[in-house]
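**Student:**
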Amino acid sequence: MIYSSNPAGDKTPLGKKVVVLVHGELVSGVDNMRRLAEHSGVPGHIYPLTLMCHDIMPPPLQKKKLGEKRLISFHGTGLSVAPEIKFHEIAGSYENPDEAKEAYTQAFYNSVVEQYYVLNSAIHGKQGLGASTPTVSLSQPWN
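Mapping of the sequence shown onto numbering that gives the first Met the number 0: position 126 corresponds to residue 125, and the numbering continues sequentially without gaps.
Right under this line is the structure:
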């Protein structure tokens, strides 16, 4: 499951800060993915994943039509996948199912944000693998 820190997609103009809060629509989307995984007939797993690649092809300076020319540049990217978050491990401490769903979504959001800050330090802060924390360990398996 991939979360975007930009709920408006890639059409948000540069310089505009977008903040995602855990709200009904996000909770509903996460719960739908969870239910699909649980009822798919085969074991399903959902992992928090963060991808940082904005600088390769940033959104246009202003909203344009489909098919507009885009600038592409060479820049570092980061991909971080956290351990699986299991619904039943979080839901067990809640009596209200809606509160359990919100807590599950919040756990994903918190993990993605934590991974984002580590990737941001590694790439934009130029710390590389030294940006790793006790809970987010960066590596370059090809080296």
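Backbone N, C-alpha and C define an ideal beta-carbon position, used for all residues, glycine too.
1. When you compare only the Cα positions, how much space is there between Tyr115 and Leu50?
2. May I ask which residues mark the beginning and end of the beta strand (DSSP E) holding Thr49?
3. Identify every residue that forms a DSSP beta bridge with Leu78.
4. Between which two residues does the alpha helix (DSSP H) containing Phe107 stretch?
5. Report the three-state DSSP secondary structure of Met56 (helix, strand or coil).
6. Roughly how far, in whole angstroms, is the beta-carbon of Ala81 from the beta-carbon of Ile89, given that I think they are within contact range, below 8 angstroms?
7. Expressed to the nearest angstrom, what Euclidean distance is found between the alpha-carbon atoms of Ser92 and Pro42?
8. Grouping DSSP H, G and I as helix and E and B as strand, with all else coil, what is Phe73?
9. Quick check on the DSSP output: the alpha helix (DSSP H) that includes Glu88 runs from which residue to which?
10. Report the rounded CA-to-CA distance for Ile45 versus Ser110, giving the unit in angstroms.
**Tutor:** So, from the data block:
1. In the sequence shown, counting from the first residue as 1, residue 115 sits at position 116. In the sequence shown, counting from the first residue as 1, residue 50 sits at position 51. Roughly 8 angstroms separates the two Cα atoms.
2. In the sequence shown, the residue the question calls residue 49 occupies position 50. First-last of the beta strand (DSSP E) with Thr49: Leu48 to Met51.
3. By one-based count along the sequence shown, residue 78 stands at place 79. In the DSSP output, where bridge partners are listed per residue, Leu78 has Leu50.
4. Against the sequence shown, residue 107 aligns to sequence position 108. First-last of the alpha helix (DSSP H) with Phe107: Pro96 to Ile122.
5. Taking the sequence shown and counting its residues from 1, the one referred to as residue 56 is at position 57. Here Met56 sits in coil by DSSP.
6. In the sequence shown, counting from the first residue as 1, residue 81 sits at position 82. In the sequence shown, counting from the first residue as 1, residue 89 sits at position 90. 14 angstroms between Cβ atoms; not a contact.
7. In the sequence shown, the residue the question calls residue 92 occupies position 93. In the sequence shown, the residue the question calls residue 42 occupies position 43. Rounded to whole angstroms, the gap between the alpha carbons of Ser92 and Pro42 is 24 angstroms.
8. Here residue 73 refers to the residue found at position 74 of the sequence shown. Looking at Phe73 - three-state DSSP - the assignment turns out to be coil, as it is neither helix nor strand.
9. Within the sequence shown, the letter at position 89 stands for residue 88. Phe86 to Ala90 is the span of the alpha helix (DSSP H), which, as asked, contains Glu88.
10. Taking the first residue of the sequence shown as 1, we reach residue 45 at position 46. Taking the first residue of the sequence shown as 1, we reach residue 110 at position 111. Cα-Cα distance, rounded: 12 angstroms.
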